[in-house]
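When we follow the UniProt record's numbering, the leftmost residue of the sequence shown carries the number 1, and every step to the right adds one. The beta-carbon is built from N, C-alpha and C at its ideal position, and this holds for glycine as well. Computed from a predicted structure; not experimentally measured.
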Amino acid sequence: MADDHLETGTRIRGEVIGEARSAAALAGATEFDRPFQELALRYCWGEVWGRPGLPRRDRSLINLAMLGALGKPNELKIHLRGALTNGVTRAEIQEVFLQLCIYAGVPAAGEAFRVAREVFEEPEFRDVGLG
Numbered sequence: 001m002a003d004d005h006l007e008t009g010t011r012i013r014g015e016v017i018g019e020a021r022s023a024a025a026l027a028g029a030t031e032f033d034r035p036f037q038e039l040a041l042r043y044c045w046g047e048v049w050g051r052p053g054l055p056r057r058d059r060s061l062i063n064l065a066m067l068g069a070l071g072k073p074n075e076l077k078i079h080l081r082g083a084l085t086n087g088v089t090r091a092e093i094q095e096v097f098l099q100l101c102i103y104a105g106v107p108a109a110g111e112a113f114r115v116a117r118e119v120f121e122e123p124e125f126r127d128v129g130l131g
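In structure tokens form, the structure reads like this:
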């Protein structure tokens, strides 16, 4: 695999989830999980997020629905921050989670709303996505 996907993935992930969080994930990688980090950067962020077919905000909305349905609160938190960074509003997040409630169930939606409230209280996101 070409290193351009790794470079593209590193750049896109930094833009979406924040340079500091992205760099921390790489810096915290061990010999054991570094291959996973690089795989995610190449394929998730470089190959898929780097495709021109969907804008980043649409990819964010899709991720919120999938991660909420799968019950993955840690990844959901990361992608909530990314969605807000990509211009998704809190009202749009609310709509995604209401639809999640119908198609994935009340417990999944309840957890998604709880995680979103935590992110909305983080100092750097308190005023983001209100419009």
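Task: Same chain only: Cβ atoms within 7 Å of residue 29, ignoring 5 sequence neighbours per side - done: Counting only Cβ-Cβ distances below 7 Å, and skipping sequence neighbours, we find 37.
Task: Buried versus exposed, by CB contacts within 10 Å (16 or more), residue 119 - done: Flag for residue 119 reads buried.
Task: Extent of the continuous alpha helix (DSSP H) to which residue 32 belongs - done: If you look at residue 32, you'll find it isn't in any alpha helix (DSSP H); DSSP assigns it neither H nor E.
TODO: Count the C-beta pairs between the stretch 110-129 and the stretch 43-54 that are closer than 8 Å, then say yes if the count reaches three, no if not.
DONE: The stretch 110-129, when compared against the stretch 43-54, does not touch it at the 8 Å Cβ threshold.
Task: Backbone CA spacing between residue 23 and residue 100 [nearest angstrom] - done: If you take the alpha carbons of residue 23 and residue 100, they lie about 31 Å apart.
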